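In mature numbering (1 follows the signal peptide of the UniProt record, and there is no 0), the protein residues as written are -18 to -1, 1 to 136. Please read the structure below before turning to the comments.
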């Protein structure tokens, strides 16, 4: 019995050294866990479909991550800002049953595949005012007359 307890305690100690973030974050709120993450002013923050919150630098490289439990993900969804409320059903369908604490592959945590990264819109942002769009087009264009006036100088 004594050797069994030693083995269990050794396993717990080893796992806490191997994955300190996972054990440290599983009992805290999602906001507390994410507020401790490293951030790059030129980077971005993304919670992927695997339930892992990742912080990226300006070169799209993961600089920090926090696996979130399903309870933490649901907590985030229950406190979404107003602009995101229209996405609530979709986000619930994505995170239903997802537990980021189950992601233990270091490569997936630090180098997630494309489908786990945010979708980046490479187009320039467009104005929401159509009149302003037309005005900017008119200001930016050079107009040339291609009408042949038959040798008339003018």
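Using N, Cα and C, we set each Cβ at its ideal position, and we do this for glycine too. Computed from a predicted structure; not experimentally measured.
Item	Value
Buried or exposed by the 16-neighbour rule on C-beta atoms within 10 Å, applied to residue 96	exposed
Inter-stretch contact (C-beta, 8 Å, three-pair minimum) for the segment 46 to 66 and the segment 17 to 32	yes
Continuous beta strand (DSSP E) stretch holding residue 46: start and end	44 to 49
Unbroken alpha helix (DSSP H) run spanning residue 37, endpoints	Per DSSP, residue 37 belongs to no alpha helix (DSSP H); it is in the beta strand (DSSP E), 34 to 38.
Alpha-carbon spacing of residue 21 relative to residue 27, whole angstroms	8 Å
Bounding residues of the alpha helix (DSSP H) (the contiguous stretch that carries residue 76)	70 to 77
Beta-carbon separation (whole angstroms), residue 70 vs residue 59, contact threshold 8 Å	7 Å
Status (buried if at least 16 other CB within 10 Å, exposed otherwise) for residue 25	buried
Pair within 7 Å by beta-carbon distance, residue 43 and residue 37	no
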